[in-house]
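Student: Okay, handing you the structure first.
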Amino acid sequence: MSEQLVFDRPQSVIDRPTHYCPGCHHGVAHRLVGELLDELGVAEDAILVASIGCSVFLYNYLNVDAVEAPHGRAPAVATGVKAARKDKFVFTYQGDGDLASIGMAEVLHAANRGENIAVVFVNNTVYGMTGGQMAPTTLIGQRTTTCPSGRCLEHEGAPIRMTEIIAGLGGATFAARASLNNVKNIRQAKKYLRKAFQCQIEKKGFGFVELLSACPTNWKLNPVDANERIKTEMIPYFPLGVFKDALDEGGAC
Amino acid sequence: MSEQLVFDRPQSVIDRPTHYCPGCHHGVAHRLVGELLDELGVAEDAILVASIGCSVFLYNYLNVDAVEAPHGRAPAVATGVKAARKDKFVFTYQGDGDLASIGMAEVLHAANRGENIAVVFVNNTVYGMTGGQMAPTTLIGQRTTTCPSGRCLEHEGAPIRMTEIIAGLGGATFAARASLNNVKNIRQAKKYLRKAFQCQIEKKGFGFVELLSACPTNWKLNPVDANERIKTEMIPYFPLGVFKDALDEGGAC
Amino acid sequence: MARYLDAIIAGFGGQGVMLIGNLLAYAGMKDGLNVTYIPVYGPEMRGGTANCTVVLSEEEIGSPIIHSPVSLIIMNRPSLDKFQPRLKDGGLNIINSSLIDMDLADANRVKCIAVPCNEIADKLGNTRMANMVALGAYIQATGIMELQPVIDSLKDVLSERYHKLIPANTEALNAGAEVAAKA
Amino acid sequence: MARYLDAIIAGFGGQGVMLIGNLLAYAGMKDGLNVTYIPVYGPEMRGGTANCTVVLSEEEIGSPIIHSPVSLIIMNRPSLDKFQPRLKDGGLNIINSSLIDMDLADANRVKCIAVPCNEIADKLGNTRMANMVALGAYIQATGIMELQPVIDSLKDVLSERYHKLIPANTEALNAGAEVAAKA
Amino acid sequence: MSKQPERIFVKGNEAVVRGALAARCKCFFGYPITPQNEIPELMSSEMPKSGGEFVQAESEVAAANMLLGAGACGIRAMTSSSSPGISLKQEAISYMAGSNTPAVIVNMNRGGPGLGDIGPAQGDYYQSTRGGGHGDYRLLVLAPATGQEAYDLTIKSFDLAYKYRNPVMILGDAILGQMKEAITPWQPEGIDDEAGRDWALSGAKDREKRLIKSLYLEEGALAGQNKNLQKKYEDMQSYVEYEEFETEDAELVVCAYGSIGRIAKSAVRNLRKQGHKVGLFRPITLYPFPSDALLALAKQGKKFLTIEHNLGQMVDDVRLAIRTVADSDFAPIYPGNLPIPEDIEGPVLEWLEGK
Amino acid sequence: MSKQPERIFVKGNEAVVRGALAARCKCFFGYPITPQNEIPELMSSEMPKSGGEFVQAESEVAAANMLLGAGACGIRAMTSSSSPGISLKQEAISYMAGSNTPAVIVNMNRGGPGLGDIGPAQGDYYQSTRGGGHGDYRLLVLAPATGQEAYDLTIKSFDLAYKYRNPVMILGDAILGQMKEAITPWQPEGIDDEAGRDWALSGAKDREKRLIKSLYLEEGALAGQNKNLQKKYEDMQSYVEYEEFETEDAELVVCAYGSIGRIAKSAVRNLRKQGHKVGLFRPITLYPFPSDALLALAKQGKKFLTIEHNLGQMVDDVRLAIRTVADSDFAPIYPGNLPIPEDIEGPVLEWLEGK
Amino acid sequence: MSRIVIQEDRCKGCLLCTTVCPTQIIAQSDRFNQSGYKVAEVPAEDMEKCTGCTSCALICPDLAIKVYRTPKKKKGDE
Amino acid sequence: MSRIVIQEDRCKGCLLCTTVCPTQIIAQSDRFNQSGYKVAEVPAEDMEKCTGCTSCALICPDLAIKVYRTPKKKKGDE
Ligand SMILES: Cc1ncc(C[n+]2csc(CCOP(=O)(O)OP(=O)(O)O)c2C)c(N)n1
Ligand SMILES: Cc1ncc(C[n+]2csc(CCOP(=O)(O)OP(=O)(O)O)c2C)c(N)n1
Ligand code: SF4
Ligand code: SF4
Ligand code: SF4
Ligand code: SF4
Ligand code: SF4
Ligand code: SF4
Ligand SMILES: [Mg+2]
Ligand SMILES: [Mg+2]
């Protein structure tokens, strides 16, 4: 029997180099999203709402219609897109600065309204694009350009666990946290993303997946060490798993 | 022995009529705040951050320094006040439209930073001042001027429980929910408020108290029935009690 | 002269001054006039007094806001204090004498008609219709139109669930008109 | 003529072009000149090429941005493609010949000096100092100042934790200067 | 246009809603603020009836961004607010302008700055016409003076938004919003619900993917986009609307817009009765500003007095329009005061005396 | 002022921080955005050292409101951002202006509209000088062209903010923020840290309570506040700053501000070398605008060409300033393009040929 | 030996006080105050039933109620 | 009988693939690509050890790896 290509770029991911730093997990997250758009057959119906962060150019990498949202406002823009085109597959892709800081109100309210959209949340504990400033998700003790001596609970507060907050909202249907630091976790991440996307396809409401991701550049670690940091520092504080799953119950509860 | 005046207006509450509707609970909340400012001896150090809602004129009723925050931004303004005057007693007083809708990001982040301020949150399930529109706290089935056929879980999502969200944040120190519908609950409300204020006095961080309150006008109920509604409809959805108390543990955890 | 009238209608929040302002303007429209109605509220919605201004005219209406009107309907004391001085010389002032001491009426300068609105309404069975009594008196006193277009407009201005009160409101309008006719 | 020089320094993100731009400008300041340095980044921070512009002048500097500079330090191929055409006729082009095919140098129009920066740096023990090799060559070729003020500035421009690398950097600067001296 | 002869008696806010419904607006994103509350309130019951979507946003920021999303899909969409809320929408408005997204934004201007009051004012003229947001962009700005105009211009605003792929602002005030008067509704014909077919987002099925964005990082790209915008704004200049009243033999032309324009009309009538040769020039489009028409009047040797319900904003545009041949005086009506014809008659009489 | 002779080599962003620290700024509220990130980054380490407070806000909206809170306490406080972030601050800026709250806001203008790019631009001139927020208000707007001016004007901005109890904007751009040059720091003397003693919030101990607000609902109150503001803005007019370069015998005066003003200086030098009688007028305060000085030049019969890194904004103010005697031409440098002296020399030469 | 004083110009007639008095002595009067509200009252004859519990004052949103108590003489006093 | 192909112009030399290969056959090469990154490679002699598990491809952030598998012939085939 002849040789088979068992792993290749998904159709939805455009064949071009990305602008990301070596070892940046945005690339992995992009691929997972692209694979699912293909596998679930929604690529031709998809409308991506891109956010402002290193991943703003996701719209150059995915072969789907897209709109660029102002920083933090992707869930509001997505609400507008969905209101206009209920039959389309609408999703946002947001960083932690974008979603957990400036965009806190928008994501919570979109989730609580039970908007029938999916949110892919890439948590790398810093503002990547602007040079590694502190994010709401920055870990205690982590040094960034705006907390140069390390984040301090007293002064800057505790890292925010978004998935837990979203899961606590009556309007949300599915909320889970995964990590992109190793193959097992990447596989799990895809399962969660599939569920979140499924929510929307079945018109069962808001699906949310947080992806713990590396930003080697701003962590000032090489990619391999950055992946290690996710395991040793991030996962202990940001536990992986499904925090809410009301998908089988017919939607938000 | 001669007659004693056992109940009178607290000193901090200015002797003038309020603009509130008959039976509006803002008056009760004002009095509790005033009593505590007096009892805790912080009136002369107090800086009130007023919010936009029916209670914007609180600054005309309390005998303390005050600044008027834009709608929803009182916790940010209070953060600025506290940064400028760490030695002062800084508190916000906000409605549910103000705090839970437009001001969601500001209150969550102030709480999470562990700002050493107190937040008094008056939840009357509507935008009172602007004429009774739906708030994030509006109960399922409740009719308002912007959900005229009653709030619907499918379309507008579930009423948001702010105290629970705040309590879940690492930076928050004290979070509780009380009600102003009867004498017992009013006494309990005062106890919670005292604890929240104490947090700040002891420099232990963010204190938050939600007060379930009546808006007879926009509920289109007489004041007595409005109080009854709190008992029969609000408290079952918004349970009373302390949701976080890290006061004795030395602050936020 | 062309039909023209402007009025400020003022009272407490709950006295229904907005409703009769609306009714007056609507009836004017039905009667073929150009009309404007504009409410003035206190702090966003709450408390204090409320008033509105109505203009009725055969010509195009420029300003819907009038500082010195030719007529007033005054439902409570603070409104009298505020608006009577602004009334044009010789203007018409319908005063709710149930709540206002008629000694305060500036009877030399303007034409004042005392209408014991609350009492009349009470007698008709519902104090809340004091506003209609006042409007009835006003229509009669100004002669801007017949009472009938006003009565006919009730069904359009009152929300459905108050339609059962149309007969009572009609009675109140008539009772007010009677007082004015005798004044 | 008054001392004046402007330069665009360009390369990959990680090649340290910003650092040598900074060093050049700082040394110029220490040497008594007016100086400006301005970096140009790609998408907010990430990816692509980086370049900066340095102006050194005895007179007040107006524009810190130069479209057609009198000199270039070119660390990679895309930068050559982009900036060489803009170089003024007869200008100086320091080219990192370790990564760039010197056939591409426009040797007829401008003065090109091939400096095998990576190889020299590699030989000195650290590829990352290729940038210093290039700067050494540049200082030598332009004669805008001695090498010493540049070497003296290393301690001010490098962050504390890299101070241990000052001797190595000095060596690299010298090595570059040597190449240019022989060119 | 098939006129329905029946007049209805509605607030300006309701006229806006009726106009939007007639224009087949399909999405509305609102947030409460006086004096425009009737707009979201009415929309909340009317939108679902016509198969549209009403969303009460969590804030004006969110509402404006929802609008951006719906507009990017080529759907007729609208938001409304009043001054402080409009300030919050500025970032998104700049994004819409920068990404050629059609949308309609209503501002029922109230007193400012800050929380101000809830009365009428025209303090937001600059913000509306010059872009309160960042960058070089322009909104089409329509300033109705009557309930009927509120209805008519709302219908027009959707057409313009799609014609130019640009956000359009309807700038009213508390008078326009709160005043009830009779209007005659009509149903426009030939609305093209698929006007966005060539550019709007709908899923990349059997065609290239589409992108609505305002980030331009490639060399020269942003400059190109700014040139495109400039070209668009030049095209818009052909779409001006204004009212002239009694200007023909006027010595002095009062320039006023919106509610003040309307009140000025009363004043001009009164002054004419007193024998004064006064006229009114009322811009209906504030951007594009009817500069040519003003310049033509200036060339006839007329004098100008601009009166606004603010400290002097539109007067800049009047002066710029006529600068090569004439100038305009200015009289403010202070925000916080309810404007009346006397506020216009007074300055005019003073001017006439002073001349 | 005690000059420390030592020059330091810093970015304009750092010059702003150093100036603020010299002016004893005690609170800074930031949020990341290119090209101003060095400001919050440096503040995060410097503020604590000088006993001040650095807060990284959750958004620009929050940062501006924190600034309002600190300003209400009479504390020298500052925020900085770039174009989209400044749009988000507009509501709070209007509140500060409306409540007479002193504060300093830095805008390192980037390309727009929308997300635009991260390069320099001057598209926010209107927004800065005319109030991107709602209502009638004005900021003092200072436009440094060099690192040294960034330092000096930052120090001045705090004095002005307290002198007028008004927010002050420092309007730079990506060139100013990102360019490094040598500056000479100096320490101002006589800073009054208690400048707010008569009005600022500090707890109502042994005195009447105080209130910082912008809501004015009582009859006539808001009009009164607007009159007060108008008076204040008139007072500010006396504080204008500008640079004239080679204007004396110039036939044509180029008007340009900020980085473009600086680049224009190079252009003027080059053109002079070619024998052209060209000068430069560079407003340093954009509000108040140096209208009188421009008018004086116009009266000498000079011609004007305004050049901006936008589609034409300040040119309105130039034209308004000289409208009674002259007019100004305009040439844009498109946002998205990096400006160079040739961008100014070109239009000037064209103008000279065309005249 | 307690009593309350209702400040009539402050009372808004909400009647909340009437719902919490353990002795049920507070009721709506027939009087309108200046602002048009029908104020609450304790008929003079009922006042002696007041226990001074302050419940009415605690629930009154308008601080319209003052409560006075005359402590019982302790046995043996005087 | 599996193999991978690394698209060198896409590889950024992050080396994440090297950490997940069960047979440890991926390593950094000496080659710089156009963008200046030292790319990963599987030495030709090691390729036969590839199990086709796709781990390297799953973790590669740059979609630089394609994986090919040749199914084992079932007994009795051919
Ligand atoms: C209103 C506004 N504020 C700030 C910025 C600047 N900005 C661009 S990306 C970014 C942060 C991105 O961080 P994050 O969302 O965590 O994404 P990452 O780059 O880490 O993937 C910021 C603050 C902006 N573009 N707009
Ligand atoms: C930016 C902005 N948006 C909207 C408003 C209008 N507004 C004033 S009060 C209010 C709602 C108040 O509701 P809530 O906070 O629940 O207070 P309540 O009146 O119910 O006590 C709103 C939306 C405003 N002033 N500013
Ligand atoms: S800065 Fe961080 S998040 Fe951004 S591309 Fe680089 S590694 Fe990825
Ligand atoms: S509207 Fe509601 S919240 Fe506002 S004063 Fe009246 S009762 Fe109180
Ligand atoms: S104090 Fe107690 S007993 Fe007395 S009137 Fe009030 S509620 Fe009744
Ligand atoms: S509770 Fe207070 S306001 Fe209400 S009726 Fe009693 S005394 Fe009056
Ligand atoms: S497919 Fe598996 S075995 Fe083969 S190279 Fe990749 S990780 Fe190694
Ligand atoms: S994981 Fe991909 S990008 Fe990284 S070294 Fe391996 S092949 Fe190259
Ligand atoms: Mg991030
Ligand atoms: Mg409320």
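Chains as they are written, first to last, in the numbering used here: chain A, 155 to 407; chain B, 155 to 407; chain C, 90 to 272; chain D, 90 to 272; chain E, 5 to 359; chain F, 5 to 359; chain G, -8 to 69; chain H, -8 to 69. All C-beta atoms, glycine included, are put in the ideal place defined by N, C-alpha and C. This structure is a prediction, so every number in the text was calculated from the model and none was measured.
(1) Compute every distance between the C-beta of I384/A and the non-hydrogen atoms of ligand 1, then say whether any falls below 7 angstroms.
(2) Measure the alpha-carbon distance for W4/F versus L157/F and round it to whole angstroms.
(3) For a test of the three-state rule: what should DSSP assign to E133/C, helix, strand or coil?
(4) Secondary structure at L394/B, three-state DSSP: helix, strand or coil?
(5) Is the CB of F101/D under 8 angstroms away from at least one CB in chain H?
(6) With 16 as the cutoff for other CB atoms within 10 Å, does H252/C come out buried or exposed?
(7) Rounding to the nearest angstrom, what Cα-Cα distance links G49/G and K53/E in this structure?
(8) Tell me the rounded alpha-carbon separation between P345/F and L224/D.
(9) Skipping 5 residues on each side, what residues in its chain have a beta carbon closer than 6 angstroms to that of Y129/E?
(10) For V272/F, report the span of its alpha helix (DSSP H) as first-last.
(11) Give a yes or no on whether 8 angstroms exceeds the smallest Cβ distance from T310/E to chain I.
(12) Would G4/G count as contacting chain C if we go by Cβ distances under 8 angstroms?
(13) Smallest Cα separation from I216/E: which of Q165/A, L186/A, A321/A, V231/A?
(14) Residues in its own chain within less than 7 angstroms of V21/E by CB, not counting five upstream and five downstream?
(15) Indicate whether at least one CB of chain E lies closer than 8 angstroms to the CB of V239/C.
(16) Closer than 7 angstroms: is that where the CB of D95/B sits relative to any heavy atom of ligand 9?
(17) Taking the alpha-carbon positions, what's the S166/B to A197/B distance?
(18) For ligand 8, is there any heavy atom lying closer than 7 angstroms to the beta carbon of V378/A?
(19) Of all the options G56/F, L72/F, T188/F, which has the alpha carbon lying nearest to the alpha carbon of G118/E?
(20) Which chain E residues are close to L226/F, counting only those with a beta carbon under 7 angstroms from its beta carbon?
(21) I want to check one thing, is the minimum distance from the CB of V33/H to the heavy atoms of ligand 7 below 7 angstroms?
(22) Quick check: the stretch 116 to 128 of chain D against the stretch 218 to 233 of chain F, are at least 3 beta-carbon pairs closer than 8 angstroms?
(23) Label K212/C either buried or exposed according to how many other C-beta atoms from any shown protein chain fall within 10 Å of its C-beta, with 16 as the threshold for buried.
(24) Hey, does S87/E have any beta-carbon neighbour from chain B nearer than 8 angstroms?
(25) Assign N266/B to buried or exposed, taking buried as 16 or more other Cβ atoms, counted over all protein chains shown, within 10 Å of its Cβ.
(26) What does a CB cutoff of less than 6 angstroms around V159/D pick up in its chain, not counting 5 residues either side in sequence?
(27) Compare the Cα-Cα distances from T298/B to each of E247/E, S270/E, P36/E, Q234/E and report the closest residue.
(28) Using a beta-carbon distance cut-off of less than 7 angstroms, what residues from the stretch 391 to 404 of chain A approach chain B?
Tutor: Let me lay it out:
(1) No, since every heavy atom of ligand 1 falls outside the 7 angstroms radius drawn around the Cβ of I384/A.
(2) The requested residue 4/F is not part of the displayed model; chain F covers only 5 to 359.
(3) The predicted position of E133/C is uncertain, since its pLDDT is 42 and thus under 50; a value taken from the coordinates is nonetheless stated next. If DSSP states are grouped into helix, strand and coil, E133/C belongs with coil.
(4) Note: L394/B maps to coil in three-state DSSP.
(5) Yes, F101/D counts as interfacial toward chain H.
(6) Around the beta carbon of H252/C, fewer than 16 other beta carbons lie within 10 angstroms, which makes this residue exposed.
(7) In the sequence as presented, Gly is not what sits at residue 49/G; that position holds Leu. One Cα belongs to L49/G, the other to K53/E, and the distance between them is close to 47 angstroms.
(8) Cα to Cα, the separation comes out at about 27 angstroms.
(9) Within the same chain, Y129/E has close Cβ partners Q317, M318.
(10) Counting along the chain, the alpha helix (DSSP H) containing V272/F begins and ends at 262 to 277.
(11) Among the protein chains in the structure shown, which are A, B, C, D, E, F, G and H, there is no chain I.
(12) Residue-level contact check: G4/G does not touch chain C, since none of the beta carbons of chain C fall below 8 angstroms from its beta carbon.
(13) Of the candidates Q165/A, L186/A, A321/A, V231/A, the one whose C-alpha sits nearest the C-alpha of I216/E is V231/A.
(14) If we look at V21/E and ignore the five residues flanking it on each side, its Cβ neighbours are I43, L46, M47, E50.
(15) Taking Cβ atoms only, chain E never reaches closer than 8 angstroms to V239/C, which makes this a no.
(16) Chain B is shown from 155 up to 407; residue 95/B falls before or after that span and cannot be answered.
(17) So the alpha carbons of these two residues sit roughly 7 angstroms apart.
(18) The answer is no for V378/A.
(19) Taking only the C-alpha atoms, the option nearest G118/E is L72/F.
(20) G115, G120, D121, P339, G340, listed in chain order.
(21) Yes, Cβ of V33/H sits closer than 7 angstroms to a heavy atom of ligand 7.
(22) No, because fewer than three Cβ pairs between the stretch 218 to 233 of chain F and the stretch 116 to 128 of chain D fall closer than 8 angstroms, the two stretches do not touch.
(23) Counting Cβ neighbours within 10 Å, K212/C comes out exposed, since fewer than 16 surround it.
(24) The Cβ of S87/E sits no closer than 8 angstroms to any Cβ of chain B.
(25) Buried, because 16 or more other Cβ atoms sit within 10 Å of the Cβ of N266/B.
(26) Around V159/D, the same chain offers D95, K177, G180 as residues with beta carbons nearer than 6 angstroms, after the five sequence neighbours per side are excluded.
(27) For T298/B, the nearest C-alpha among the options comes from P36/E.
(28) Using a CB distance below 7 angstroms, no part of the stretch 391 to 404 of chain A faces chain B.
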